[in-house]
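Those letters in the sequence shown? Residues 1 to 971, by our numbering.
We put the CB at the ideal spot given by N, CA and C, even for glycine.
Every value quoted in this text rests on a predicted model; they were computed, and no experiment measured them.
What follows is a set of notes on a single structure, which appears directly below.
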Amino acid sequence: MTREPTWQESTGPRGVRGREEELRSVDAVLEGARHGGGGVLVVAAAPGLGRSALLDAGAAAFDAGPAVCVRGTPGGSRVPGGGVRALHRALAAVTGEGGAGITPPAPRGPGGAGDAEALEGALRAAAGPAPLLVCVDDAHLWDGPSRRALAGAVRRAWRPGPVGVLLSVVHRHPGAADFAGLPSVVLAPLPYGVAAGLVDERTGGRVDPPVREELVAEAAGNPALLTFLLERLSAAQLEGRAPLPRPLADAAALARAVSPHPSDLPPAVADVLLLVAAAGEPGGAADAALVLRAGRRLGLPAAAFAHAEAAGLLGWDGGRARCSTDLLRRAVYAGADPARRRAAHGALAAALVPDRSTAGARAPDRSAPASRSLVGDLPEQRAPDPRALARLAHTALSVRGPAPGVAAALAAEASRDDPRRSHRERAAALRGAAELTAADGPRAERLAAAAEQARLAGAVRQARELLAGAEAAGATDAVRGRVELVRGVLALDDGPVVDAHEALRGAAALLAPYDPRHARVARLAAADAAWVAGDVAACTAELVAVAGGERAGVRGGRAAPPVAGDPLEEYVAGLRAALDGRFAVARAPLRRTVDRADADEAPEPLLRAGAAALLMGDVGAATRVAARALAAARAAGAAALVPRALEYLAYAELRAGQHARARAHAEEGLRAARRAGQRNIAAHLHAVLALALSVEGDGAGVAGHAAAALDTARRHGLTQAATLARWAAARADLSRGRLPEAAARLGPVVRSGAGGGHFAVRILAVPCFAEAAALSGRPEDARVAVEEFAVWASLGADPLAPAQSARCRALLAPDEADLWYERSLDAYEGAGGEFDRARTLLLYGKWLRRRRRPGPAQERLREALVAFEHCGARGWAEQAAGELRAAGSATRDAEAGALSRLTAQQARIARLVAEGATNREVAVRLSLSPRTVDHHLRNVFALLNVRSRVDLARLVDRAEPAPAHPSGPAP
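Structure follows, in structure tokens:
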């Protein structure tokens, strides 16, 4: 047989990762054989997806009798009856002396009923009194008569009887058609998470994140190809210390993962697939009409297209043409002769010429540097021709370089502002233009521009390779400035931010004489680096430079006035005033920045508007604008900006009290940041997740995410992420009543200066510090911080701050607490902040209970409990419930009474659903049908007056609290 490369996956069930559903299908066949019911399963998949591994797992798990395993071989199809004879011999070897009646027969015909009956008899004879499992791997490679005999035999042998049969075939292989109609599963490529886990497992977790992302993308979910690529790389390449080979998956590697092998295709069919592969857009599909027009130019017969479709290699859907798998598309293209590739691209370029220019058009001369019909009329075609970039890209790929005319036209078109073009497309076009450019200066400029587009597309390693190429080409100062700008932004997302700051300052200095616009971009990025590092002086200096300090000079530490109507300068002016504490001055330019977002469609200005809204404390606007920035980044294919947009959105939702949404968006952002190789943004998202989980009372989750954030923060100097993570850990302590621990964590966080918290975050943690210090008997520790917070609250930077300030006053002045708590509650009216208001109610209720005023205390505590439950704040809800009980009001006992109204079966179902089980899982656990579970669950909801599984889980959790550290799953 064609043996696939092995892939050891020890953490998956029975050594198979990501195939749980398919393993259950295999288990059903084994169980059928064990109990006399028989069973058959055909496992179909492209090469390398794990067909053999599944059959091996089934054979290893079968312990009720012998397992007979036979493998097909590539030459087996040329020997009539060879497959059946091999199986007869294997059956005879297993049965030993009892196998006298299982001698290999002579072939009787082309796989007719006689051969099938003989094979069926041999299977039943081999089974004897004990069950039998038969595994035929690569059955599609058997000769035709043997395939038909095997198919006929298993259709009979597995019906009731002690014989189980597992077959594997290559999906859509012509030889697999004989097994049509038998029970089957088709293996899909491994999902991203499973493939990434395989990389981590095989490398011991030492792979550089961008390398992991590229490996997973190249393998396209094929575990054999992924393993093969891993084995080809050195430790230095895996760890990101040495460049990866290009292409990462070459023709030889790709050919291992497809069937049929590209070299085995008929020439005309290979040309059809090559044309589709060359025309493929992002995602692999091609414009079917374009492919057909180009095919006519190449003289491809219609029969070749029909043959490719009949063989399952080509599909047509909604005007799109597509190879059966993306790996087949890539293998066909990589394995084609360069001359054939150039011919395909030339035909596609000619087919893309606008109709008014096609009269008498011919495919371009392959030896010429450019074709006038495809390039010369570019200026007149720019506006009306949306396919100009694709036409020029195909033209570039159809000629031998250098070709200055084609290169210049392609670079100009790739640089033209057009929202329909993704950053990945632009990067590829600019790189193609650079490859056709002989002169060092223009070549370096195009490589640097391609690097910027690759960075925005999230292709980090490609961006770094393009930067290295630009430097090697002898870049001018202007181009070196662009190189340093891209390198600095990459470091800002994934590296020590001090290094990023210096690189960006250097980029600004290089760009200032030649490219003022990009010099300002570099300065603003340097300010971002200083911001996340917590260096307020450096951040201020960069903002001064952006806002005109370099243009008009700096007097008295202030920048020149912003240019009227310049969105960037207005944003910077507002940010600068906010850093100075002049919030009244900052509000107007920041508000204008937010208001302009209504007309913006690009992600970068929308991200600035989201930051402006957060600075003003307008969390509603921040949430709305960040959601638009996320949509814009996705629409533009700006994968590098998606994690940042999700970070802003999650933080805005956290500030707005939408903790569940914040958690969902932070988790999505964390996955996106990992894919883009942005460890610094991932650290911020870990911190946001820790804050969200601190509301839910998930101590273990808070600890894990806070530790992950702090690990990167310490190594890369991320003061902002570190402050958020420490605040989250302290808030988790508060939710569990661990007051001294919370105070100890927050003391350094709220302090200014060296060793203190981040200048923009520390003030937000003061209310938590005041609570922890006051309730642990050390109110004096918080007085200075509370006074500073009161001043900040008076500036109007945060709508919740006045209410929080009054709460802090109540904590530090117990004799006046009644007045201050009431002021705090009044201040929440119109400001929102349900969770934060509930914390004031809880503290007020505690104070009232200790003043022996149980009636008002119960009223406040009950309101706090309802609000905490609505927010999903479990730890805080437990505190409120405990205080209610201490005040003489029943909570959990009443809920336990509600559960007592359920029948025993209903109670069991309610508990399992509360633990997170689906209806189907409950049905399996309790030996019921899913329909019965659904009926009982509707009655449970009605009896307990709950509307969702979440509400049911909360009620059961309060009535029957689970142990803090369960010993393991129920048996």
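Item, Value
"Check: Y192 C-beta below 8 Å from any heavy atom of the ligand SAM", "For the ligand SAM, the structure offers nothing, since it holds no ligand at all."
"Three-state secondary structure assigned by DSSP to D137", "strand"
"Delimiting residues of the alpha helix (DSSP H) encompassing R925", "N919 to L926"
"Opening and closing residue of the alpha helix (DSSP H) in which S694 lies", "R679 to E696"
"A964 in three-state terms, based on DSSP", "Caution is warranted here: a pLDDT of 38 is assigned to A964, below 50, making its placement in the model unreliable, and no coordinate value can be reported."
"Under 9 Å between C-beta atoms of A279 and P262", "no"
"Beta-carbon proximity of L327 to L254, cut-off 9 Å", "yes"
"Contained alpha helix (DSSP H) runs [length at least 4] in the segment 769-851, N- to C-terminal order", "783-794, 801-812, 817-828 and 834-850"
"Residues bridged to S184 [DSSP beta-bridge criterion]", "V42"
"Inter-residue CB distance, P47 and A257 (contact presumed, cutoff 8 Å)", "6 Å"
"Environment of R644 [buried if 16+ CB atoms lie within 10 Å]", "buried"
"Three-way DSSP call (helix, strand, coil) for I102 in this model", "Low per-residue confidence applies at I102: pLDDT is 47, beneath 50, and the placement is therefore not dependable enough to give any value."
"When G620, A597, G617 and W531 are compared against R576, the one with the closest alpha-carbon", "W531"
"Assigned secondary structure, V169 (DSSP; H/G/I helix, E/B strand, else coil)", "strand"
"V585 to E569 span [Cα, whole Å]", "14 Å"
"contact_flag[the segment 732-744, the segment 875-883] where n(CB pairs < 8 Å) is 3 or more", "yes"
"Chain-order list of residues whose beta-carbon lies under 6 Å from that of T203 (same chain, five-residue window excluded)", "L238"
"Three-state secondary structure assigned by DSSP to D317", "strand"
"E309 beta carbon less than 9 Å from that of G315", "yes"
"Bridge-paired residues (DSSP) for R726", "Looking at the DSSP assignment, R726 forms no beta bridge with any residue, so it has no partner."
"Segment contact flag, the segment 539-547 with the segment 519-529, C-beta cutoff 8 Å, min 3 pairs", "yes"
"Beta-carbon spacing of A732, S694 below 9 Å", "yes"
"For L132, the residue or residues it bridges with in DSSP", "V163"
"Euclidean distance between Cα positions of R329 and L298", "19 Å"
"Residues near G240 in its chain [Cβ-Cβ closer than 7 Å; skip 5 each side]", "D208, P210 and V211"
"Three CB pairs or more closer than 8 Å across the segment 788-797 and the segment 830-837", "no"
"Within 9 Å, strictly: CB atoms of Y821 and A838", "no"
"Assigned secondary structure, A67 (DSSP; H/G/I helix, E/B strand, else coil)", "strand"
"The alpha helix (DSSP H) enclosing I909, as first and last residue numbers", "A904 to A914"
"Selection from A28, D417 and L718 that minimises the alpha carbon distance to E601", "D417"
"Beta-carbon separation (whole angstroms), D138 vs S168, contact threshold 8 Å", "6 Å"
"Nearest residue (CA-CA) to V136, options A127, A130 and A151", "A151"
"Separation of R34 from A180, as counted between CA atoms", "25 Å"
"Beta bridge counterpart(s) of D287 as assigned by DSSP", "R320"
"Nearest neighbour of P603, chosen from P419, V460, L944 and A578 [CA to CA]", "P419"
"Alpha-carbon spacing of L55 relative to L87, whole angstroms", "16 Å"
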